[in-house]
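Following: one structure in structure tokens, then a few remarks.
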Amino acid sequence: MTFVKHLLSPEIPAIDEVEVPHTRLVCLEKCRAMRHRQYAEYLLQPRGRGLSSLSVPFEIKDQDWSLFPDFLLNPTIEFLAIDSYYCKLIVSSQELTKASFPSLKALTIYQSGSCRQMDELCRLLRSCDLQFFCLEEPSGTEGLTQSDTLELLSCLQQQNLKVLVLNVRHCGLRLGKQGIAWPNMKALYIREGEEDWLDQLPEFEKLQILSLENPGPEIRFIDHSIIKNIATCRHLMFILRVFRKSQAR
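Residue numbering for the sequence shown is 1 to 249, as defined by the UniProt record's numbering.
Below is the structure:
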């Protein structure tokens, strides 16, 4: 897997000039094995047990995936980490079902560029049975809107997640009375948390790791309700939270 990851991930990614003024990193290096279907098959679908993990963190510019659009749908992959660009390729290659990724348990999406692939991502999520989901949004990108995040969280409600990482600017929960459908959640990382997440903490009975790095503007200081909600997570072993100190009056 280290060999594959090295080939499909550049040592130094380049800036996609098409996305200026937004910053989007891409791969300009060409992998020789990805030029022909037979060689790509040796690389991405080796005989035997097959790949258990695959990482393509940047779009490989000018790569003709029409030669092997089905290779990202490898049934043996348990961990998949891809640039958001590839979501469209995966969902357009064939009709997705739960059988498309029978082994996939961990999915990481690197959100890049000004074109948000939220519809494609949700279609991909509906074909998976995940325990781990991570969405990363690099600084300098246009980023997801609040409505994008709401759509994503609605799709994630169908997953039996144990780990959720939302490294994006808009992480408001805003699911109202629907509540949380992740009773087995053990680790939660939110880059910019809002009060909604703290209100939902009692639902995460098995939570062991909590990281809410940048509290929303409505959370000015620690109050009794916040402490009470955190205390309900009796299995919590690690917490990272940046609270503003209340000013003396």
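Every residue, glycine too, gets a C-beta built ideally from N, C-alpha and C.
Please classify residue i as buried or exposed, where buried requires at least 16 other C-beta atoms within 10 Å of its C-beta.
i, result
"Y42", "exposed"
"Q38", "exposed"
"I240", "Going by the sequence as given, residue 240 is Leu instead of Ile. Looking at its Cβ environment, which holds fewer than 16 other Cβ atoms inside 10 Å, L240 is exposed."
"T145", "exposed"
"K177", "Because the pLDDT of K177 is 48, which lies under 50, any placement of that residue in the model is unreliable, and the question is left without a value."
"L207", "buried"
"S92", "exposed"
"D62", "exposed"
"S66", "exposed"
"R234", "exposed"
"D83", "buried"
"P75", "exposed"
"T2", "At T2 the pLDDT is 43, less than 50, meaning the model places this residue with poor confidence; the figure from the coordinates comes in the next sentence. Counting Cβ neighbours within 10 Å, T2 comes out exposed, since fewer than 16 surround it."
DSSP puts residue i in a beta bridge; with which residues?
i, result
"A187", "V163, I209"
"L54", "L80"
"I239", "L210"
By Cβ distance below 6 Å, which residues in the same chain neighbour residue i in space, the five residues on each side in sequence not counted?
i, result
"G143", "E137, R169"
"Q159", "L130"
"F238", "I209"
"I226", "L198"
"C134", "T108, V165"
"V163", "F132, A187"
"E151", "M118"
Can you tell me where the beta strand (DSSP E) holding residue i begins and where it ends?
i, result
"E136", "132–136"
"T108", "106–110"
"L80", "79–83"
Kindly indicate the opening and closing residues of the alpha helix (DSSP H) around residue i.
i, result
"A231", "224–231"
"A40", "37–44"
"Q146", "146–156"
"L121", "118–126"
Which same chain residues, not among the five before or five after residue i, have their C-beta less than 8 Å away from its C-beta?
i, result
"C155", "L121, C122, L125, R126"
"E78", "S52, S53, S103, L104, K105, A106"
"A33", "L7, Y39, A40, Y42, L43"
Which same chain residues, not among the five before or five after residue i, have their C-beta less than 7 Å away from its C-beta?
i, result
"P202", "N229, T232"
"N184", "N160, K162, K206"
"I90", "L72, L73, L124"
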